Every structure is written in structure tokens, then in C-alpha cells.
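In what follows, a structure is listed as C-alpha cells, so that the remarks can point back to it.
In our numbering, the protein residues as written are 426 to 700.
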């Protein structure tokens, strides 16, 4: 599970389960790590997708100071920094490291990662080829997420809700306000800021691999991840339960797909998996 709010994290914590935390403000991590451990869960912290030279201590240092069980690394700089500064801390590689085939998978695992998330632009045939070509326990496949559509330096929060330009003078309106970009058909795509004031625009429509879960299991894949964005805690628990039912054979992927399209505001999409 990947949570972006404290409410989601509390609701998703389960004894022995891994919960990735992806918060805008890393100063919230120490309390969150202690909270998850008190609930029996294993807290892992996600790095930003990008960091600039000179930002390492402010960003990675705060993550290390929270003493998580591991780190979800989203760029090669994070892998290099944590291996040099905290070699005992386990690292998992996220989708942005672009694990797209057996060559990139072997190169990334050779850096000392304990698992990898396949690149998000793989269709199901390409994902299947990757799964057949590498040890299955290398891969942790994301089966539900709001796809990040683009990531940029410009901060919409600072530009629209303050007279400043970044965290040093904007007053951090991202802590208390929500922004979304409305497209031509009325979908509202959430915008999230990270600790470096970079913004990511996420698809309003969640991508679901529900219909592919049975085939993924036949391929030998056993590590799956569900990611949440702005979902309330109750909805996050319901989504997790729906995928658990499919993985445990109590429901079909087709039934899950139909249910999500009927009950979620914008439905769901298959995304690149169906290309």
C-alpha cells in the first residue's frame, strides 16, 4: 500500500504489512513512522522523483532521520545517497527508475535494490515478457493508481495562491489547499506538490489492473501494490479489500472492474496495460 495522508496510512496499517508513505512535507515522517510501527505495520518512505544538487541533506536527510524500515527510491541520486550514507537501510526502486526489460532490471538490481516496480508505460504483453525474463521476486507491480501525467518545476500553488515563488516565501499554501486542473470534458486532475516544490499532475481516473490479476498470478508475480491519492480512509480500505478478494479467489477481476466503474466518481481505466 502507498498512502499520501495520515488517515489513509492509519486505515491501511496491518500487522506485518508494508506501507509506503509519500507526504508533501518530510517533517511529518518521524511521527508517521512511529504511528505505523505502533499499529504493527512496516513504514517505508518515498523520495521525490527529482532532487537537485544541494538538496540531498534537506530531503534525504529528513527521510533518514525518521528511521523508516526502508526507502522507496525514485531517482538514481536517492539510490546513491542512501547507499553511501545509510548502507544498512533497504531500498526499493520505484517506477521512475524505468525498469522496462530484463537488462534494465538486472542493472538496477545490481545497484543493491531489494525489489523493483516495473515502468508504468508497459502494456500487459511487455510486462509479461519482463516477468518471464527475471526472477519474479524482483518485481512489485502497481495494480491500482492515479497515473502521474506530468511532473514540472513550476509550482501552481505558489503561483496562484501566494505572492511568493517557492517554499522560502510562499507560505506553503499546498499544506492547506487543494488544486486540480479541469480538462475540456470536466475531469479534475489533482495537482500535488513535493518537498522540492515540484508539482505532479495526476490523472483523475484511477488505473486498475483488476482484469489482469489472474494472469499476473499465473506468471508467478506475487508482490502487488495499491496506491492512493486523495481517497478518504474508508474508500481506501474498500479498494484494498476489493483487490484482496480477487487475489484470494473470492471475486473475479471482471467483477471488480465493473464495480469500480459503477461506484467510483470517474470510474477506472486500463491505461497502458491495454495498449
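All C-beta atoms, glycine included, are put in the ideal place defined by N, C-alpha and C. Note that the coordinates shown come from a computational prediction; the quantities given were computed from them, not determined experimentally.
Beta-bridge analysis with DSSP links residue 566 to 649. For the 8 Å CB-CB criterion, residue 449 and residue 617 form a contact.
Counting only runs that start and end inside the stretch 534-563, the alpha helix (DSSP H) elements of at least 4 residues fall at 549-558.
Taking one beta carbon from each stretch, the stretch 671-691 and the stretch 523-532 have fewer than 3 pairs nearer than 8 Å; the two do not touch. For the pair residue 591 and residue 477, the Cα-to-Cα distance works out to about 14 Å. If you draw a straight line from the Cα of residue 462 to the Cα of residue 647, it comes to about 24 Å. Two segments are said to touch when three or more pairs of C-beta atoms, one from each, lie closer than 8 Å; by this definition the stretch 498-510 does not touch the stretch 594-611.
Apart from the 5 residues on each side of it in sequence, residue 622 sits with its Cβ closer than 6 Å to the Cβ of 580, 591, 592 in its chain, given in chain order.
Positions of the alpha helix (DSSP H) runs, each at least 4 residues long and wholly inside the stretch 453-500, are given as 454-463, 487-490 in order along the chain.
Remark: C-beta atoms of residue 440 and residue 470 do not approach each other more closely than 8 Å. Following the DSSP letters along the chain, one finds residue 522 in no alpha helix (DSSP H), marked with neither H nor E. DSSP places residue 613 within a strand segment (E or B) once states are collapsed to three.
Judged by DSSP in its simplified three-state form, residue 633 adopts strand.
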